[in-house]
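**Student:** Before we start, here is the structure in question, set down as structure tokens.
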Amino acid sequence: MNQHKNELDSNINPTSSHSGERYWGNVEVIEEGENYRISRVEIKPRHGIKPQIHYHRHEHWVVVSGVAKVTCGNEEILLNCNQSTYVPAATLHQVENPGSIPLVILEIQNGEYLGEDDTERPLELSSV
Numbered sequence: 116m117n118q119h120k121n122e123l124d125s126n127i128n129p130t131s132s133h134s135g136e137r138y139w140g141n142v143e144v145i146e147e148g149e150n151y152r153i154s155r156v157e158i159k160p161r162h163g164i165k166p167q168i169h170y171h172r173h174e175h176w177v178v179v180s181g182v183a184k185v186t187c188g189n190e191e192i193l194l195n196c197n198q199s200t201y202v203p204a205a206t207l208h209q210v211e212n213p214g215s216i217p218l219v220i221l222e223i224q225n226g227e228y229l230g231e232d233d234t235e236r237p238l239e240l241s242s243v
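Numbered as in our numbering, the sequence shown ends at 243 without a single skipped number.
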């Protein structure tokens, strides 16, 4: 049992290069492995993550507190506490916090490649 616990502990990585402050809030990596990453994402009121697309990973988002305005492909939905959504690979997506309190999401990324160079922000490219 101790070996199993040590293996689990080795996956917990609060100092991951993916953790840190952003202009829109904060990301804290809770655990990561070869093909997955679990993060706590906090988005400031009236802020959001710019539209982006990943080709090699899928994402699951669970709202822990606040309200999330999620755009996934051509669909826009509002998610409240305890609601979730799935973002398939190769789908343009974004999340915003339209509310007055911080939005907290648990994000599970799963795929064959999780590198940041698999993130494209098409709207930034078209404005150049």
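Quick reminder that beta carbons are idealized off the backbone N, C-alpha and C, glycines included.
Buried or exposed: where does Ala205 fall if 16 or more other Cβ atoms within 10 Å of its Cβ makes it buried?
**Tutor:** The residue given as residue 205 occupies position 90 in the sequence shown. When all chains shown are included, Ala205 counts as exposed.
**Student:** Thinking C-beta only, is Pro217 closer than 8 Å to Gly181?
**Tutor:** Indexing the sequence shown from 1 puts residue 181 at position 66. Indexing the sequence shown from 1 puts residue 217 at position 102. For Gly181 and Pro217, yes; Cβs fall inside 8 Å.
**Student:** Go ahead and label Gly230 buried or exposed: buried means 16 or more other beta carbons lie within 10 angstroms of its beta carbon, across all protein chains shown.
**Tutor:** Numbered from 1 along the sequence shown, position 115 holds the residue referred to as residue 230. By the neighbour-count rule (16 or more Cβ atoms within 10 Å), Gly230 is not buried but exposed.
**Student:** Would you please state the rounded distance, in angstroms, between the beta carbons of Glu227 and Asn150? I believe it to be under 8 Å.
**Tutor:** Within the sequence shown, residue 227 is the residue found at index 112, counting from 1. Within the sequence shown, residue 150 is the residue found at index 35, counting from 1. Sure, about 7 Å apart at Cβ, within 8 Å.
**Student:** Spatial neighbours of Gly214 within its chain, please: C-beta separation below 7 Å, excluding the five flanking residues on both sides.
**Tutor:** The sequence position of residue 214 within the sequence shown is 99, counting from 1. If we look at Gly214 and ignore the five residues flanking it on each side, its Cβ neighbours are Pro160, Gly181 and Val182.
**Student:** Can you tell me whether Leu193 is buried or exposed, with buried defined as 16 or more other CB within 10 angstroms of its CB?
**Tutor:** Taking the first residue of the sequence shown as 1, we reach residue 193 at position 78. Under this definition Leu193 is an exposed residue.
**Student:** Shortest alpha-carbon distance to Pro237 belongs to which of His169, Asn195 and His133?
**Tutor:** Along the sequence shown, one-based indexing puts residue 237 at 122. When each option's Cα is compared against that of Pro237, the closest is His169.
**Student:** What are the start and end residues of the beta strand (DSSP E) that includes Arg137?
**Tutor:** Against the sequence shown, residue 137 aligns to sequence position 22. Residues Gly135 to Arg137.
**Student:** Could you check the C-alpha separation between Asn189 and Leu207 for me, to the nearest Å?
**Tutor:** Here residue 189 corresponds to residue number 74 of the sequence shown, with the count starting at 1. Here residue 207 corresponds to residue number 92 of the sequence shown, with the count starting at 1. So the alpha carbons of these two residues sit roughly 9 Å apart.
**Student:** Among Val179, Glu191 and Glu146, which has the Cα closest to the Cα of Pro166?
**Tutor:** Counting from 1 along the sequence shown, the entry for residue 166 is found at position 51. Here the closest residue by C-alpha is Glu191.
**Student:** List the residues that DSSP assigns as beta-bridge partners of Leu221.
**Tutor:** Position 106 of the sequence shown holds residue 221. According to DSSP, Leu221 bridges with Arg155 and Val177.
**Student:** Which residue's Cα is closest to the Cα of Arg137: Val156, Glu147, Gln224 and Val185?
**Tutor:** Numbered from 1 along the sequence shown, position 22 holds the residue referred to as residue 137. Nearest of Val156, Glu147, Gln224 and Val185 to Arg137, Cα basis: Val156.
**Student:** For Asp233, which of Val178, Glu211 and Arg172 has the nearest alpha-carbon?
**Tutor:** By one-based count along the sequence shown, residue 233 stands at place 118. When each option's Cα is compared against that of Asp233, the closest is Arg172.
**Student:** Between which residues of its own chain and Asn225 is the CB-CB distance below 6 Å, once the five residues before and five after are set aside?
**Tutor:** As a working note, residue 225 is residue 110 in the sequence shown. If we look at Asn225 and ignore the five residues flanking it on each side, its Cβ neighbours are Tyr151 and His173.
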